[in-house]
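Peer 1: Sharing a structure here in structure tokens format.
Residue numbers (my numbering): 53 to 164.
Given below as structure tokens:
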């Protein structure tokens with residue numbers, strides 16, 4: 053069986069990049085799960101509006117409970133924090149006559 057140099061190089065690069073990406077992913081997972089963060093001075097969306105409060109990231113999970121040890125504090129500088137799938141900017145509702153129905157549909161589907 054004859055393998056071309058081009059195929060060999062491609063195969064080595066493919067395997068090498070996959071190994072590197074897995075190592076990088078593993079390193080990111082380990083760092084984030086062991087570091088406790090405190091997020092100060094943020095306006096957090098609570099489902100109805102924005103509320104100024106402090107949140108924490110403990111073992112990779114967002115919580116309001118302050119852990120016994122804070123590794124790093126992040127100043128959000130009075131910024132606004134929206135959840136994943138939050139639509140902070142859209143033109144989908146421009147000129148929509150039934151805004152209430154459309155906004156309820158977005159909210160019910162998990163897009164704020």
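Cβ coordinates follow ideal geometry from the N, Cα and C atoms, glycine included.
Taking its Cβ as the centre, do 16 or more other Cβ atoms sit within 10 Å of residue 88, making it buried, or is it exposed?
Peer 2: Locating residue 88 in the chain shown gives position 36, counting from the first residue. Classification of residue 88: buried, given that the 10 Å Cβ count is 16 or more.
Peer 1: What is the C-beta distance between residue 91 and residue 107, in whole angstroms, given that I count them as a contact (C-beta under 8 Å)?
Peer 2: Here residue 91 refers to the residue found at position 39 when the chain shown is read from its first residue. Here residue 107 refers to the residue found at position 55 when the chain shown is read from its first residue. Yes, they are in contact, since the Cβ atoms of residue 91 and residue 107 sit about 5 Å apart, within 8 Å.
Peer 1: Do you know offhand how far residue 95's Cα is from residue 105's?
Peer 2: Locating residue 95 in the chain shown gives position 43, where the first residue counts as 1. Locating residue 105 in the chain shown gives position 53, where the first residue counts as 1. One C-alpha to the other measures close to 6 Å.
Peer 1: Taking just the CA atoms, how far does residue 109 sit from residue 159?
Peer 2: In the chain shown, the residue the question calls residue 159 occupies position 107. In the chain shown, the residue the question calls residue 109 occupies position 57. So the two alpha carbons sit approximately 25 Å from each other.
Peer 1: Whose C-alpha, out of 161, 86, 156, is nearest the C-alpha of residue 113?
Peer 2: Your numbering for residue 113 matches position 61 in the chain shown. When only C-alpha atoms are compared, the closest one is 86.
Peer 1: Just to confirm before moving on: does the CB-CB distance between residue 132 and residue 102 stay below 7 Å?
Peer 2: Start at 1 with the first residue of the chain shown, and residue 132 comes out as number 80. Start at 1 with the first residue of the chain shown, and residue 102 comes out as number 50. Yes, the Cβ-Cβ distance between residue 132 and residue 102 is below 7 Å.
Peer 1: With H, G and I counted as helix, E and B as strand and the rest as coil, what does DSSP make of residue 104?
Peer 2: Indexing the chain shown from 1 puts residue 104 at position 52. In the structure shown, residue 104 sits in a strand (DSSP, three-state: E or B).
Peer 1: DSSP three-state label for residue 155, please.
Peer 2: The residue given as residue 155 occupies position 103 in the chain shown. Helix, per DSSP.
Peer 1: Looking at residue 100 and residue 130, is the spacing between their C-beta atoms short of 7 Å?
Peer 2: As a working mapping, residue 130 is identified with position 78 in the chain shown. As a working mapping, residue 100 is identified with position 48 in the chain shown. Cβ atoms of residue 130 and residue 100: not closer than 7 Å.
Peer 1: DSSP state of residue 129, grouped into three classes?
Peer 2: Taking the first residue of the chain shown as position 1, residue 129 is located at position 77. In the structure shown, residue 129 sits in a strand (DSSP, three-state: E or B).
Peer 1: Rounded to the nearest angstrom, what separates residue 149 and residue 126 at their Cα positions?
Peer 2: On the chain shown, residue 149 is found 97 positions in, with the first residue counted as 1. On the chain shown, residue 126 is found 74 positions in, with the first residue counted as 1. If you take the alpha carbons of residue 149 and residue 126, they lie about 41 Å apart.
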